[in-house]
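Our numbering numbers the first residue of the sequence shown as 388 and each following residue consecutively.
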Amino acid sequence: MLAVCAGLTGCATNPVTHQREFVLMSEDQEVALGRRLHPQILEEMGRYPDEALQAYVRRVGERLARVCDRPGLIYRFTVVDTDDVNAFALPGGYIYITRGLLAYLDSEAELAAVLGHEIGHVAARHAVRQYTTATTVGLLGAVIAGRTGVRGAGDLARVITTAIVRGYGREHELEADRLGARYLARAGYPPEAMLEVLR
Numbered sequence: 388m389l390a391v392c393a394g395l396t397g398c399a400t401n402p403v404t405h406q407r408e409f410v411l412m413s414e415d416q417e418v419a420l421g422r423r424l425h426p427q428i429l430e431e432m433g434r435y436p437d438e439a440l441q442a443y444v445r446r447v448g449e450r451l452a453r454v455c456d457r458p459g460l461i462y463r464f465t466v467v468d469t470d471d472v473n474a475f476a477l478p479g480g481y482i483y484i485t486r487g488l489l490a491y492l493d494s495e496a497e498l499a500a501v502l503g504h505e506i507g508h509v510a511a512r513h514a515v516r517q518y519t520t521a522t523t524v525g526l527l528g529a530v531i532a533g534r535t536g537v538r539g540a541g542d543l544a545r546v547i548t549t550a551i552v553r554g555y556g557r558e559h560e561l562e563a564d565r566l567g568a569r570y571l572a573r574a575g576y577p578p579e580a581m582l583e584v585l586r
């Protein structure tokens with residue numbers, strides 16, 4: 388088991404903080420995980436059928452993505468068909484906003500603030516960091532329990548998806564707010580829109 392742990396470890400430079408950090412997922416793996424989870428989100432929540440609205444949200448999101456700290460990543464923006472008031476991002480640039488949240492927004496700048504916040508989570512690799520923590524805790528638990536094999540990559544994917552949809556910890560949320568405001572300014576939106584959305 389310890390050999391497995393040693394084989395999984397790695398350091399990468401965070402594109403936002405420029406600090407080396409311990410992560411268990413390359414960018415290619417991050418994108419692959421998002422690609423794998425995307426159909427599950429659509430199956431659970433449904434894709435909102437208004438194509439004009441989908442295109443509008445995509446245009447606003449792409450404007451922000453071009454000026455973020457990971458502009459080389461392909462971002463995908465989807466309006467999901469639920470009354471829940473929420474937005475979230477999967478690893479690898481898959482960003483979702485609910486029909487319910489869109490109903491509360493008063494301007495394009497507020498939409499940009501929501502999307503900028505979610506882009507901030509992706510840029511800072513918050514999901515990857517959560518995945519690393521969950522995996523490390525799971526591996527340590529397996530070692531303590533005396534297990535000899537690692538199981539449940541699918542279980543870990545479900546855990547991380549649930550955690551992402553429910554939200555990150557305060558530190559990551561505040562960092563995403565700061566990054567979102569930065570991206571708003573870079574894209575020509577008023578950064579104060581972030582404060583309006585947070586009220």
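Cβ coordinates follow ideal geometry from the N, Cα and C atoms, glycine included. Computed from a predicted model, the values in this text were never measured in an experiment.
Query - Where Y435 falls: helix, strand or coil (DSSP) - result: Three-state DSSP puts Y435 in coil, outside helix and strand.
Query raised in the report: From this set, R450, V584 and G567, which residue's C-alpha is nearest V403's C-alpha?
Result: Between V403 and the set R450, V584 and G567, the nearest pair of CA atoms involves G567.
Requested in this report: Identify, in the order they occur along the chain, each residue of the same chain with its Cβ nearer than 6 Å to the Cβ of C455, setting aside the five sequence neighbours on each side.
Outcome: These residues qualify, in order along the chain: I506, A510 and Y570.
Query raised in the report: Fully enclosed by the stretch 463-508, which alpha helix (DSSP H) runs are 4 residues long or longer?
Result: Taking only runs of at least 4 residues, the alpha helix (DSSP H) segments lying wholly in the stretch 463-508 are 486-489.
Query raised in the report: For the candidate residues S494, E560 and L477, whose alpha-carbon lies nearest to that of E583?
Result: Between E583 and the set S494, E560 and L477, the nearest pair of CA atoms involves S494.
Query raised in the report: With burial defined as no fewer than 16 other Cβ atoms inside 10 Å of the residue's Cβ, what is the status of R557: buried or exposed?
Result: A residue is called buried when at least 16 other Cβ atoms come within 10 angstroms of its Cβ; R557 does not meet this threshold and is exposed.
Query raised in the report: In whole angstroms, what is the alpha-carbon distance linking D468 and A452?
Result: If I take the Cα positions, the gap works out to 23 Å.
Requested in this report: Quick one: measure Cβ to Cβ for T400 and R434, integer angstroms, because I've assumed they're closer than 8 Å.
Outcome: That belief does not hold up - the Cβ atoms of T400 and R434 are roughly 35 Å apart, past 8 Å.
Query - CB contact below 9 Å: R450 versus chain B - result: Included in the structure is just one protein chain, with no chain B present.
Query raised in the report: Quick one: what's R407 bridged to in DSSP?
Result: In DSSP, R407 forms a bridge with T400.
**Report entry** Contact under 9 Å by Cβ, V501 with G487
**Finding:** In this structure, G487 does not lie closer than 9 Å to V501 by Cβ.
Query raised in the report: In or out: G459 buried (at least 16 other Cβ within 10 Å) or exposed?
Result: Answer is exposed; the Cβ neighbour count stays below 16.
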